[in-house]
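If you use full-length UniProt numbering, the sequence shown corresponds to residues 1 to 561, in order. Here a beta-carbon is modelled for each residue, glycine too, at the ideal position from N, C-alpha and C. Take a look at the structure set out below.
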Amino acid sequence: MIAPSAYKFHLKNENRKPILVKQVSRVSNYLLPVFKMKMITLIVAVIILVAQSKTAFGDVFTAIADMEGLVAAEFELVKHLDTYIQEEEKRMKQLKGILEEYESMYEEASADVSKYLANPLNAYLLVKRLTSDWKKVEGVMSKNAASAFVKNITQHRSLLRFPDDEDLKGAAVALMRLQDTYKLDTHALAEGKLLGAKKYSRHLTAGDCWELGRQSYNNDDHYHTVLWMGEALNKFEEESNKTVAREDILDYLAFSTYKQGNLKEALQLTNELLKFGPYHQRALGNKRHYEKLLRQQGVIEPSGETGDADNMEMNQPFDTAKLKLTKPLGTTEEWDAYEQLCRGEKLMDPEIEAPLRCRYVTNNVPYFFIQPIKMEEALMNPRIVIYHDVISDEEIDTLKKLAQPRFQRATVQKKETGEREFSKYRIAKSSWLKKDDHEYVSNIRRRVGAITGLNMATSEDLQVCNYGIGGHYEPHYDYARLSDVEAGGATVFPKLNLSLWPQKGSAVFWYNLYPNGEGNEMTQHAGCPVLTGSKWVSNYWIHERAQEFRRPCGLKFDFEM
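Here it is, written out as structure tokens:
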């Protein structure tokens, strides 16, 4: 058998236990500060649409903001390719003219060779055409623009920071994540249909589907390999201009079908492959292996080398729904709850929702007497509230412009070695803004203090994050975000059965630590993958120090703010 080749205000004590304030919004057009507190960590998150920023190779897919620059990069490619084609067309036109001249001379000479060569001028011109003139022809033939074109493209790839193979892999994995989280049908997705999207994208070709399958295969993900190679095979049958070879599709599809435990179907696919490539060595070897296993299972007769196996043909069209498929990683009850909340399938208990209210509050802050804060209760225990209209569009735009040039990919610390590595469970880039970077940063800092009642003197710098393709943050206890997306991207609390779908300019606030510093595990939360749109998050980390009189520790656990 052979395989085919936001604004986040985070308070920390000496043990770095935080109280979170989380801020949430929708993607391009909305900005929503969500405050969340864990011990004394305040988090606010913001999500908005931004422009291009500098990035390192191999991580373009981790921030939508960086990917926007790829559109301009692609246009540069188009311009260079157009120039190359024009130059080649001029060269071909010149060569065609020379060809016509040679053909005319040949017709004249071949009519009567002796008479033609009797003229010394004709004899001279014949020699000239086959010597100096032909050297000029060779010069025109060798003078193609390919080398210059490749050189220009190489230079532009460096200057414009083109994506590389790692980006392709990351983008493919992100699509698989979206497909699983939102239960997207493979065929519908290949047709460019996304749930909640206002506009469908272009449909995928058989070659596009094959590449998604190949990326899944290289990631040892045979589940998605079968889904996408199966879709590639069906699209192949429909295409008039083939974008991938049938044998290449069947090669991956047959083996991954076998790896998923569908032995009989794997043999059928292998037989189909051998129809078009009867000397395919890998397929021949796999066929013998599959037949041996099927004989041991009593599925085919033990007599003969092939027997009934040669008659096991593939059904058309290929239907993955008839296969037994297992996802790469087993799911837990908590993970299932997370995905259900992301899809909006789990609803809050009416008895819990009934007492929740909306009202204006001032927090005894004089400024808010003039313009009270719009507060919406999202949950009473633990207490989670949403503040509406607390950040302006102008502030959002400024934060984007300040943050983009400083973006770096999100990293986490390895427990074993303490070294930093790129996070696989948080697909985003981030940067840090000081209060002195702009008056708006300072204003937001003071505003967060006024809304939360916390002392911002011990807060760290403002962190701003932008999420990439399928950007998400898996369930955790210490995080906040602000988003404005067309579809997906909710903030969910798996243990509370709560999904937050905030709007632009709003902020969510909660404590994720008890007043005595104990962590409240019920505040575990996650950022759902963004299906369409671009999500931005900002975080403030505020140390617990200096909060002793703002949020004192009582004699018992206290859920109240």
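Which two residues bound the contiguous beta strand (DSSP E) that contains cysteine 553?
In the sequence shown, residue 553 corresponds to position 553, counting from 1. Note, cysteine 553: premise wrong, no beta strand (DSSP E); not H, not E.
Glutamate 231: buried (16+ other C-beta within 10 angstroms of its C-beta) or exposed?
By one-based count along the sequence shown, residue 231 stands at place 231. Looking at its Cβ environment, which holds 16 or more other Cβ atoms inside 10 Å, glutamate 231 is buried.
Please report the residue range of the alpha helix (DSSP H) in which aspartate 248 lies.
The sequence position of residue 248 within the sequence shown is 248, counting from 1. Aspartate 248 -> alpha helix (DSSP H) spans 246-259.
Tell me, please, which residues DSSP counts as bridged to leucine 462.
Here residue 462 is taken as the residue at index 462 of the sequence shown, counted from 1. Leucine 462 pairs with Leu433 and Tyr540.
How about alanine 123 and leucine 130: are their beta carbons less than 8 Å apart?
Walking along the sequence shown from the start, residue 123 turns up at place 123. Walking along the sequence shown from the start, residue 130 turns up at place 130. Cβ atoms of alanine 123 and leucine 130: not closer than 8 Å.
For the region 488-501 against the region 519-527, are there 3 or more C-beta pairs whose distance is under 8 Å?
yes
By DSSP, does alanine 51 sit in helix, in strand, or in coil?
One-based indexing of the sequence shown puts residue 51 at position 51. Note that alanine 51 has pLDDT 31, beneath the 50 cutoff, so the model's placement of it is unreliable and no number is given.
Cβ-based neighbour list, tryptophan 335, same chain, cut-off 7 Å, excluding 5 preceding and 5 following:
As a working mapping, residue 335 is identified with position 335 in the sequence shown. Same-chain partners within the cutoff: there are none.
Counting only the same chain and skipping the five closest in sequence on each side, list residues whose C-beta sits under 6 Å from that of valine 78.
Stepping through the sequence shown from its first residue, residue 78 is reached at position 78. Nothing listed; no residue qualifies.
DSSP has serine 132 in a bridge; who is on the other side?
Counted from its first residue, the sequence shown places residue 132 at position 132. Per DSSP, none; premise fails for serine 132.
Report, in whole angstroms, the separation of the C-beta atoms of leucine 500 and leucine 462, which I expect to be a contact under 8 Å.
Your numbering for residue 500 matches position 500 in the sequence shown. Your numbering for residue 462 matches position 462 in the sequence shown. That belief does not hold up - the Cβ atoms of leucine 500 and leucine 462 are roughly 21 Å apart, past 8 Å.
Give a yes or no on whether the minimum CB-CB distance between glutamate 272 and chain B is below 8 Å.
Looking for chain B here will not work: only one protein chain is present.
For cysteine 553, which residues from the same chain have a beta carbon less than 6 Å from its beta carbon, with the 5 sequence-adjacent residues on both sides left out?
The residue you call residue 553 lines up with position 553 of the sequence shown. So the list reads Pro515 and Asn516, once near-sequence residues are dropped.
Identify, in the order they occur along the chain, each residue of the same chain with its Cβ nearer than 7 Å to the Cβ of leucine 189, setting aside the five sequence neighbours on each side.
Position 189 of the sequence shown holds residue 189. Excluding positions up to five away in sequence, the list reads Gln179.
Assuming asparagine 363 contacts alanine 450 under a Cβ cut-off of 8 Å, what Cβ separation, rounded to an integer in Å, is found between them?
As a working note, residue 363 is residue 363 in the sequence shown. As a working note, residue 450 is residue 450 in the sequence shown. Contact flag correct, Cβ pair sits at about 7 Å.
I'd like to know if the region 341-350 and the region 223-241 are in contact, where contact means that at least 3 CB-CB pairs between them fall below 8 Å.
no
Output the distance between the C-alpha atoms of valine 537 and serine 147, rounded to the nearest integer angstrom.
To locate residue 537, count along the sequence shown from 1; it is residue 537. To locate residue 147, count along the sequence shown from 1; it is residue 147. One C-alpha to the other measures close to 45 Å.
Three-state class that DSSP yields for serine 104 in the structure shown
Indexing the sequence shown from 1 puts residue 104 at position 104. Serine 104 falls in the helix class under three-state DSSP.
Can you grab the Cα-Cα spacing for the pair leucine 531 / isoleucine 396, in whole Å?
Looking up residue 531 in the sequence shown gives position 531. Looking up residue 396 in the sequence shown gives position 396. Cα to Cα, leucine 531 sits roughly 22 Å from isoleucine 396.
Okay, do the region 204-211 and the region 282-297 touch, 3+ Cβ pairs below 8 Å being the bar?
no
Buried or exposed: threonine 332, going by 16 or more other Cβ atoms within 10 Å of its Cβ?
Walking along the sequence shown from the start, residue 332 turns up at place 332. Its Cβ having fewer than 16 others within 10 Å, threonine 332 is exposed.
Taking the beta strand (DSSP E) that phenylalanine 509 belongs to, which residues open and close that run?
As a working mapping, residue 509 is identified with position 509 in the sequence shown. Run containing phenylalanine 509: 507-510, per the beta strand (DSSP E) assignment.
Kindly indicate which three-state DSSP category methionine 348 falls into: helix, strand or coil?
By 1-based counting over the sequence shown, the position of residue 348 is 348. The answer is coil: DSSP assigns methionine 348 none of H, G, I, E or B.
In whole angstroms, give me the CA-to-CA distance for aspartate 82 and lysine 96.
Stepping through the sequence shown from its first residue, residue 82 is reached at position 82. Stepping through the sequence shown from its first residue, residue 96 is reached at position 96. Near 21 Å, if we compare the C-alpha coordinates of lysine 96 and aspartate 82.
Take the Cβ of phenylalanine 369 as the centre, count every other Cβ of all protein chains shown within 10 Å, and call the residue buried at 16 or more, exposed below.
Working through the sequence shown from its first residue, we reach residue 369 at position 369. Exposed, by the Cβ-count rule.
Quick check on the burial criterion: 16 or more other C-beta atoms within 10 angstroms. Buried or exposed for valine 448?
The residue you call residue 448 lines up with position 448 of the sequence shown. By the neighbour-count rule (16 or more Cβ atoms within 10 Å), valine 448 is buried.
Using the rule of at least 16 other Cβ atoms within 10 Å of the residue's Cβ for burial, across every protein chain shown, is lysine 504 buried or exposed?
In the sequence shown, counting from the first residue as 1, residue 504 sits at position 504. The residue is buried, with at least 16 neighbouring Cβ atoms inside 10 Å.
Would you call lysine 535 buried or exposed, if buried means 16 or more other Cβ atoms sit within 10 Å of its Cβ?
Position 535 of the sequence shown, counting from 1, holds the residue named residue 535. Buried: at least 16 other Cβ atoms inside 10 Å.
So what does DSSP say about lysine 495, is it helix, strand or coil?
Your numbering for residue 495 matches position 495 in the sequence shown. If DSSP states are grouped into helix, strand and coil, lysine 495 belongs with coil.
Run through DSSP, which three-state label would tyrosine 360 get?
Position 360 of the sequence shown, counted from the first residue, corresponds to residue 360. Correct three-state label for tyrosine 360: strand.
Extent of the continuous beta strand (DSSP E) run through tyrosine 387
The residue labelled residue 387 in the question sits at position 387 within the sequence shown. Here the beta strand (DSSP E) through tyrosine 387 covers 384-388.
Let me know if lysine 235 comes out buried or exposed under the rule of 16 or more other beta-carbons within 10 Å of its beta-carbon.
Along the sequence shown, one-based indexing puts residue 235 at 235. So lysine 235 counts as buried.
In the DSSP assignment, the beta strand (DSSP E) including methionine 375 goes from what residue to what residue?
Looking up residue 375 in the sequence shown gives position 375. Its beta strand (DSSP E) spans residues 373-379.
When DSSP labels each residue in this structure, what does tyrosine 367 get in the three-state scheme?
The count along the sequence shown starts at 1 and reaches residue 367 at position 367. In the structure shown, tyrosine 367 sits in a helix (DSSP, three-state: H, G or I).
Burial state of glutamine 547, where buried means 16 or more other Cβ atoms lie within 10 Å:
Within the sequence shown, residue 547 is the residue found at index 547, counting from 1. Per the 10 Å Cβ criterion, buried.
In the DSSP assignment, the alpha helix (DSSP H) including threonine 186 goes from what residue to what residue?
By 1-based counting over the sequence shown, the position of residue 186 is 186. 186-190 is the span of the alpha helix (DSSP H), which, as asked, contains threonine 186.
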